[in-house]
Amino acid sequence: MNYLIPANTKRGNLILGLFRPFDLILFGTGVIISVILLAIMPLSSTVVTVLVLAPALITGFLVIPIPYYHNMLNVLMELFEFITSRQKYIWKGWCVEYGEENSKSVH
19 MNYLIPANTK RGNLILGLFR PFDLILFGTG VIISVILLAI MPLSSTVVTV
69 LVLAPALITG FLVIPIPYYH NMLNVLMELF EFITSRQKYI WKGWCVEYGE
119 ENSKSVH
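So our numbering is basically just the index in the sequence shown, starting at one, shifted up by 18.
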């Protein structure tokens with residue numbers, strides 16, 4: 019009763035085999051914000067142009083697929099979780115002295 023599960027079974031649940039619905043919503047929101055800013059703001063300098071295109075560029079960077087993770091957004095979420103939820107494990111070992119227990123056995 020051994021089952022062979024192909025490595026790409028999760029890709030069948032993704033849009034175009036790469037994107038989750040949230041990824042496309044995130045990227046679409048960034049593109050819509052950039053298009054609105056393009057219509058509103060005059061592109062008089064390079065700095066303004068970069069700032070106007072920043073939402074689309076940032077969200078595009080977040081949904082770029084990378085190996086061993088789904089995308090950059092997942093890498094950043096894993097990194098944040100690792101940094102913020104690190105637990106402190108106290109190792110006592112097998113030869114720790116326990117104060118009262120040790121003093122009772124000595125006398």
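Each residue gets a CB set at the ideal place from its N, CA and C atoms; glycine is no exception. Quick caveat, the model's predicted, so the values are computed rather than measured.
- Residue 69 is not a Cβ neighbour of residue 44, given a cutoff of 8 Å.
- In this structure, residue 74 sits away from residue 35, with a CB-CB distance that is not shorter than 8 Å.
- The three-state reading of DSSP puts residue 54 in helix, counting H, G and I together.
- Spanning the alpha carbons of residue 56 and residue 42 requires a straight line of approximately 21 Å.
- Classified as buried, residue 52 has 16 or more neighbouring CB atoms from the shown chains inside 10 Å of its CB.
- In the structure shown, residue 85 adopts coil according to DSSP, grouped into three states.
- In the DSSP assignment, the residues bridged to residue 33 are 37.
- Assignment of residue 43 by DSSP, reduced to helix, strand and coil, places it in the helix class.
- By the beta-carbon neighbour count (other beta carbons within 10 angstroms, threshold 16), residue 77 is buried.
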